[in-house]
Amino acid sequence: MKSVVILLIVLIPFKLQSQDISSPLSVDREIKIYKAKLSENPKETLGDLKKLRQKSYKIDYKTGAYRCTYLIIHIYINYFGDFDKVIGETKTGEDIARKLNDNEAIADMFQLRGISYIELGMNDVGLESLNQALTYANKIKSEQQKHKTLSLIYDNIGGYYDNARNLEKFAEYKRKSLNEIIRVKEVNQEDIQLKYRVIAAQNTNIGHLFHQKNQLDSAEHYFLKAYEVYNTKFQLSNFREKADLLNRLSRLYYARKDFSKSVHFAHQGLNVQKGATTPKLRKELYEILYLAFLGSKNADSAAYYSNKYTVLNDSLYVMNKTSVNKSLDRIITEKKTQYSENIKVIIVSLILIVIIIVISFILHIRKNRIKMRMKYEALIHKIESKSDEGPKVKNRTSITDDTLEQILEKLKIFEENNEFINKDTSLPKLSHHLNTNTTYLSEVIRQHKKNNFNNYINGLRIEYIIQHLYESPIYREYKISYLAEKSGFSSREVFAITFKKETGISPSQFIKELKASNK
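Using this note's numbering, you'd call the opening residue of the sequence shown number 1202 and step up by one each time.
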């Protein structure tokens, strides 16, 4: 489960420069109308706002164009979950904000871009954008606005470190966020709502931290404090955060084996998230409902939510793959534009290096080319033709059919969540995690995965990194040591040996063939 709680910026009135002409007044009136009806028909409102933005451009009303852009971003995030579109819109918003010389607006655009990159799994690029947001937030003249903006940025940076499993940094930035928000004065209803929204979120985050440390009583205390704020302190305008809290509460009670409460809060979460299209969160709620019903021995309900989880997970995989590829293409294009002169020098240098390498190793390449190419093509064919699920194997063990099915289902979840990249993965730890014993787990892996435990884990890791190299060109630029760490290996050497054992070629050769195929 993705642990980060992303705090999207509250939709607040923009204190941008006003332009004293009559035409902007009609734009402002239309924006007010669209904002009021936004939740009724977000798709229609999205189209209307894009037309209104064009009208603002024609009359050179930059403030109106920015406000339209901000509302467009709000719709893409909270109603469609389309973070690739958000990234594109934040570039438009940033351009307008720079023309207005508004540091608060620039900071908002960088922050929204950062959390969108993190949602797409591009965490380091996201952190870079969030740090740029901090730079502009510190230039905001209004102390009230500065505290609010800094609080939200610190919270999202904390989310980045949560993803990175750095609990110290996670706690540090959550405290920074809380310290900023308590300095916000309660001068109007919008500031009050933002203040308590962040307080609720930080209670959620502290509860999450205790949950990770397996201090379940403390986790429950903070989760319920957040739950109380959401229900009593203010009218929630963003369903995403409350649904995330309900998901965490459900998982907490599942960990305590209180399956009825787990189901109760998960169902609440499904109802709340209907107010915003959040497929990733819905997938997590389906997963915990499946597990909770499985724990309470309600096989029919468990099967129902297992099916919903599988269907949605497959759809998300395709959607996320497309979005990430688009975002990578955009980043590459921007870098080429920004550093065009440097790139020319790099290209010339690379050409010279390639020529030297080709001349130096031409005989060696000719000798091994055909052999390596055959292995590479066989591996690519395996990737492209791999089916999601192989044929079922008859149970030839002493394990009961029910136990066997439970272990296989849990192994499937273990594989889908990529938990095998944890360096600490071992047979005893995985057995404990799957609530079985080492003998049963070993036997199931031997019979159904056709491997011993170590070869099974290493095979999954190699398959994981091969998939990333094949689908994401940016991975081909990383060092072998980084790829080894990314896939859970203890060292570069072990990774290289295992890679060649599994595929028949070295990781460097595989990357070279991939690059050659895409030229």
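A virtual CB, placed ideally from N, CA and C, is assigned to each residue, including glycine.
Out of A1717, N1364, L1492, point me to the one whose CA is closest to V1464's CA.
L1492
What does the alpha-carbon distance come out to for the pair V1473 and E1672?
Taking the Cα positions, V1473 is about 34 Å away from E1672.
Is I1274 near V1287, with beta carbons less than 8 Å apart?
Yes, Cβ-Cβ distance for I1274 and V1287 is below 8 Å.
With respect to the alpha helix (DSSP H) encompassing Y1262, which residues constitute its N-terminal and C-terminal limits?
No alpha helix (DSSP H) holds Y1262; DSSP gives it neither H nor E.
Please confirm whether G1705 and I1622 have their CB atoms less than 8 Å apart.
no
May I ask you to report which of helix, strand or coil DSSP gives E1241?
coil
Mind checking which residues open and close the alpha helix (DSSP H) that includes L1482?
Counted as a single uninterrupted DSSP element, the alpha helix (DSSP H) harbouring L1482 occupies residues 1480–1496.
For a test of the three-state rule: what should DSSP assign to K1216, helix, strand or coil?
Low confidence applies to K1216: its pLDDT is 44, below 50, so where it sits in the model is not reliable enough to give any reading.
Leaving out five residues on either side along the sequence, give the residues of the same chain with a beta carbon under 8 Å from the beta carbon of R1254.
G1265, A1266, C1269, T1270, I1273
Quick check: the region 1697–1714 against the region 1677–1687, are at least 3 beta-carbon pairs closer than 8 Å?
yes
Please report the residue range of the alpha helix (DSSP H) in which I1646 lies.
1639–1649
Quick one: what does DSSP say E1329 is sitting in, helix, strand or coil?
Three-state result, E1329: helix.
How long is the line joining the alpha carbons of F1440 and N1656, rounded to whole angstroms?
44 Å
Which residue comes first and which comes last in the alpha helix (DSSP H) that contains D1603?
1602–1617
Would you tell me roughly how many angstroms separate the C-alpha atoms of N1719 and I1276, rounded to the nearest one?
Approximately 36 Å between the Cα atoms of the pair.
Relative to the C-alpha of Y1739, which residue among A1503, K1498, H1634, L1335 is closest?
Residue 1739 is absent from the model: the chain starts at 1202 and stops at 1720.
For D1309, does the count of other Cβ atoms within 10 angstroms reach 16, so buried, or fall short, so exposed?
buried
Given a threshold of 16 other Cβ atoms within 10 Å of its Cβ, counted over all protein chains shown, does L1328 qualify as buried or as exposed?
So L1328 ends up on the buried side.
So for Q1416, helix, strand or coil by DSSP?
The three-state reading of DSSP puts Q1416 in coil, since its state is none of H, G, I, E or B.
Quick one: Cα of H1669 to Cα of Y1355, how far?
30 Å
Since G1496 contacts R1449 with CB under 8 Å, what's their CB separation in whole angstroms?
With a Cβ gap of about 17 Å, G1496 and R1449 do not count as contacting.
Taking contact to mean at least 3 C-beta pairs separated by less than 8 Å, is the region 1364–1373 in contact with the region 1391–1398?
The count of Cβ pairs closer than 8 Å, one atom from the region 1364–1373 and one from the region 1391–1398, stays below three, leaving the stretches out of contact.
Just reading off the alpha helix (DSSP H) that A1308 is part of, what are its end residues?
1304–1320
When the Cα atoms are used, what is the spatial distance from L1684 to I1658?
16 Å
For the alpha helix (DSSP H) containing D1445, list its first residue and its last residue.
1440–1456
So, are the CB atoms of F1371 and E1320 less than 8 Å apart?
no
Could you please give the first and the last residue of the uninterrupted alpha helix (DSSP H) stretch that includes T1626?
From DSSP, T1626 is part of no alpha helix (DSSP H); its letter is neither H nor E.
With distances taken Cα to Cα, identify the nearest neighbour of A1402 among E1381, R1384, N1389, V1430.
The option with the nearest alpha carbon to A1402 is V1430.
Using a Cβ-Cβ distance cut-off of 8 Å, determine whether Q1648 contacts chain C.
Protein chains in the displayed structure number just one, and chain C is not present.
Could you tell me the distance, in whole angstroms, from the CA atom of K1233 to the CA atom of K1256?
Looking at the two C-alpha atoms, the distance is approximately 15 Å.
Whole angstroms is fine: what's the gap from S1378's alpha carbon to T1350's?
Approximately 9 Å between the Cα atoms of the pair.
With 16 other CB atoms within 10 Å as the buried threshold, where does L1226 fall?
Exposed: under 16 other Cβ atoms inside 10 Å.
If I follow the unbroken alpha helix (DSSP H) through I1681, where does it start and stop?
1681–1687
So, is K1611 buried or exposed, given that buried needs 16 or more other C-beta atoms within 10 angstroms?
buried
Rank Y1505, K1251, Y1262, I1554 by C-alpha distance to the C-alpha of E1290 and give the top, closest one.
K1251
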